[in-house]
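FYI, in our numbering the residues of the sequence shown are 209 to 340. Just so it is clear, CB atoms sit at the ideal spot from N, CA and C, and this is done for glycine as well.
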Amino acid sequence: MSDGVMILLTFGLIALLGGGTTALVLVIAKRARAHKEQTYTGATTGTIVRVRPGSTDRPTVVYVRYEVEGTEYECHETVKLSSEPIKLGPIPIGQRKRGKIPSSVGSTVRVAYLPSDPSKAILTDNKGLMNV
209 MSDGVMILLT FGLIALLGGG TTALVLVIAK RARAHKEQTY TGATTGTIVR VRPGSTDRPT
269 VVYVRYEVEG TEYECHETVK LSSEPIKLGP IPIGQRKRGK IPSSVGSTVR VAYLPSDPSK
329 AILTDNKGLM NV
């Protein structure tokens, strides 16, 4: 086998391994979130108290304070995004990304928490995998 073919095969295998690893991580993250959505049955409203703005290489993170039975808790999550096309008439010319939840201090968001341990919580409407 020539060196060129061997190099192409090597890079092909590296690409497949990377893609497989990424897919596995996404599947695990999706299952973990689904499990939390089923078991975190307590519900309340929280207030965003701090935002770490995102950039091209890191996602926006919101810190939310919420109260359960008179005790305050805080959780944080990266803001998931949805994408919608930007069109010029019927022709798509780009895409616009919007947060699934607000990302400004003082905004309210829905919080689901684990009734047996209210310190464990997720932001109900922050569903998805895209957070770049």
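Keeping to the same chain, check which residues put their C-beta closer than 8 angstroms to that of Val-287; ignore five residues upstream and five downstream.
Start at 1 with the first residue of the sequence shown, and residue 287 comes out as number 79. Only residues of its own chain outside the window of five on either side were considered, and among them Gly-262, Pro-267, Thr-268, Val-269, Val-270, Gly-307, Lys-308, Ile-309, Ser-311, Asn-334, Asn-339 have a CB closer than 8 angstroms to the CB of Val-287, listed in chain order.
Closer than 9 angstroms to chain B by CB, Gly-250
Here there is only one protein chain, and chain B is not present.
Taking its Cβ as the centre, do 16 or more other Cβ atoms sit within 10 Å of Leu-232, making it buried, or is it exposed?
Looking up residue 232 in the sequence shown gives position 24. If you draw a 10 Å sphere on the C-beta of Leu-232, you find fewer than 16 other C-beta atoms in it, and that means exposed.
For Val-235, does the count of other Cβ atoms within 10 angstroms reach 16, so buried, or fall short, so exposed?
Numbered from its first residue, the sequence shown carries residue 235 at position 27. Classification of Val-235: exposed, given that the 10 Å Cβ count is below 16.
Give the single residue among Cys-283, Arg-260, Thr-218 whose Cα lies nearest to the Cα of Ala-320.
For the purposes of this step, residue 320 is taken as the residue at position 112 of the sequence shown. Closest option to Ala-320, judged by alpha-carbon separation, among Cys-283, Arg-260, Thr-218: Cys-283.
Roughly how many angstroms separate the alpha carbons of Thr-332 and Gly-254, rounded to a whole number?
Within the sequence shown, the letter at position 124 stands for residue 332. Within the sequence shown, the letter at position 46 stands for residue 254. Cα to Cα, the separation comes out at about 11 angstroms.
Starting from the N-terminal side, write out each stretch of the beta strand (DSSP E) that is 3 residues or longer and does not extend beyond the region 272 to 312.
Annotation note: the region 272 to 312 contains the following uninterrupted beta strand (DSSP E) runs of length 3 or greater, listed N- to C-terminal: 279 to 286, 289 to 296, 299 to 307.
How should Ala-329 be labelled, buried or exposed, when 16 other C-beta atoms within 10 angstroms of its C-beta is the threshold for buried?
Taking the sequence shown and counting its residues from 1, one reaches residue 329 at position 121. Buried is the label assigned to Ala-329, since at least 16 other Cβ atoms lie within 10 Å of its Cβ.
Buried versus exposed call for Pro-326 [16 or more other C-beta atoms within 10 Å across all chains shown]
Walking along the sequence shown from the start, residue 326 turns up at place 118. Around the C-beta of Pro-326, 16 or more other C-beta atoms lie within 10 Å, and the residue is accordingly described as buried.
In angstroms, rounded to a whole number, what distance separates the CA positions of Gln-244 and Asp-211?
For the purposes of this step, residue 244 is identified with residue 36 of the sequence shown, where counting begins at 1. For the purposes of this step, residue 211 is identified with residue 3 of the sequence shown, where counting begins at 1. It is worth fixing the name first, because residue 244 is Lys in this sequence and not Gln. Straight across, the Cα-Cα distance linking Lys-244 with Asp-211 is about 50 angstroms.
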